[in-house]
Amino acid sequence: YCKPQFSKKRILNLVESRHPVVEQFQKNNFVPNTIALNNSECFLITGPNMAGKSTLMRQVALIAILAQSGCYVPASDAILPIYDSIYTRIGASDQLTEGLSTFMVEMSETAEMLKNATENSLLILDEIGRGTSTFDGLCLAQAILEHLVVEVRSQSFFATHYHEMTVL
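Residues in the sequence shown are numbered consecutively from 526, following my numbering.
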């Protein structure tokens, strides 16, 4: 663990960072990750199920929360911006008693994030658009990603199975 430093230049640089919970339950050593983002960059992550996409994004969010609350973080070195908010959209859930499908919950939460996020926010989005047809999901994911990068300009982590988005 190290004492994090804060950057006014909105730089995120985590050297040999680890997920503080997952590493406690790993039978083998947790493989550390080095992650670097400048200003309003987006980290687009794609790959098969169980490849570690969600773990990596949750790791970044947990490290950001630990750092901003004054804790040491699981990394050999850590430089982070001070975020005004951290938004996450991970996992699938419904609210059927309120008439909301999994897809509607996903879209409502994503819309709320996009409405309130600023360039000083951290956004974690996992598998946006998976609750609908493939083509519709791809279109939604691409539109949301483009909005984040062009309009919101926050530091974002965006995981997707839509490999087509890597050409963006």
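Even glycine gets a Cβ: it sits at the ideal position worked out from N, Cα and C. No experiment lies behind these values; they were computed from the predicted model shown.
Work out the CA separation of Y608 and P557 for me, nearest whole Å. Here residue 557 refers to the residue found at position 32 of the sequence shown. Here residue 608 refers to the residue found at position 83 of the sequence shown. If I take the Cα positions, the gap works out to 23 angstroms.
Just the Cα atoms here: how many angstroms apart are D651 and T685? On the sequence shown, position 126 is the one that residue 651 refers to. On the sequence shown, position 160 is the one that residue 685 refers to. One C-alpha to the other measures close to 7 angstroms.
Suppose contacts are defined by Cβ-Cβ distances below 7 angstroms. Is S542 in contact with I588 by that definition? For the purposes of this step, residue 542 is taken as residue 17 along the sequence shown, with counting starting at 1. For the purposes of this step, residue 588 is taken as residue 63 along the sequence shown, with counting starting at 1. Pairing S542 with I588 gives a Cβ-Cβ distance under 7 angstroms.
Spatial distance of F682 from N641 (CA atoms): Mapped onto the sequence shown, residue 682 falls at position 157. Mapped onto the sequence shown, residue 641 falls at position 116. Approximately 17 angstroms, taken between the alpha carbons.
Out of E644, A666, T643, which one is the CA nearest neighbour of I654? Within the sequence shown, numbered from 1, the residue matching residue 654 stands at position 129. A small fix is needed here, since residue 654 is Gly in this sequence, not Ile. Checked all of E644, A666, T643; the closest Cα to G654 is A666.
Once the 5 residues before and after N564 are set aside, which same chain residues still bring their CB inside 6 angstroms of it? In the sequence shown, residue 564 corresponds to position 39, counting from 1. Closer than 6 angstroms at Cβ, skipping near neighbours: R535.
Quick one: any contact between the region 567-580 and the region 593-603, if contact means 3 or more CB pairs under 8 angstroms? Verdict: no, contact absent.
Is the beta carbon of L581 less than 7 angstroms from the beta carbon of Y612? Counting from one through the sequence shown, the residue named residue 581 turns up at place 56. Counting from one through the sequence shown, the residue named residue 612 turns up at place 87. Contact: no.
Output needed for T659: all residues of its chain with C-beta closer than 7 angstroms, excluding positions within five of it in sequence on either side, in chain order. As a first step, residue 659 must be located in the sequence shown, where it is residue number 134. Correct list: empty, nothing qualifies.
Closer than 6 angstroms by C-beta to L670: which residues in its own chain qualify, once you throw out the five before and the five after it? Chain order, please. In the sequence shown, the residue the question calls residue 670 occupies position 145. Contacts found: F683.
Please list, in chain order, all residues of the same chain as S646 whose beta carbon is under 8 angstroms from its beta carbon, the five residues on each side excluded. Taking the first residue of the sequence shown as position 1, residue 646 is located at position 121. Excluding sequence neighbours, S646 sits near Y608, D609, S610, I611, Y612, V677, S679, Q680.
Quick one: residues in its chain with C-beta nearer than 7 angstroms to the C-beta of H688, no 5 flanking neighbours on either side, listed in chain order? In the sequence shown, counting from the first residue as 1, residue 688 sits at position 163. The residues are T571.
Looking at the secondary structure, which residues open and close the alpha helix (DSSP H) in which A603 lies? As a first step, residue 603 must be located in the sequence shown, where it is residue number 78. Element bounds for A603: not the alpha helix (DSSP H) but the beta strand (DSSP E), 602-605.
Under DSSP, the alpha helix (DSSP H) around T635 begins and ends at which residues? On the sequence shown, residue 635 is found 110 positions in, with the first residue counted as 1. Note, T635: alpha helix (DSSP H), 627-641.
Near M638, which residues of its chain fall below 8 angstroms by C-beta distance, leaving aside the five closest residues on each side in sequence? Here residue 638 refers to the residue found at position 113 when the sequence shown is read from its first residue. Within the same chain, M638 has close Cβ partners Y612, R614, L648, L650.
Could you check how far apart the C-beta atoms of L562 and L537 are, in whole angstroms? I think they sit under 8 angstroms. By one-based count along the sequence shown, residue 562 stands at place 37. By one-based count along the sequence shown, residue 537 stands at place 12. That belief holds up - the Cβ atoms of L562 and L537 are roughly 4 angstroms apart, short of 8 angstroms.
N- and C-terminal bounds of the alpha helix (DSSP H) containing C527: The sequence position of residue 527 within the sequence shown is 2, counting from 1. C527 -> no alpha helix (DSSP H), and no H or E assigned at all.
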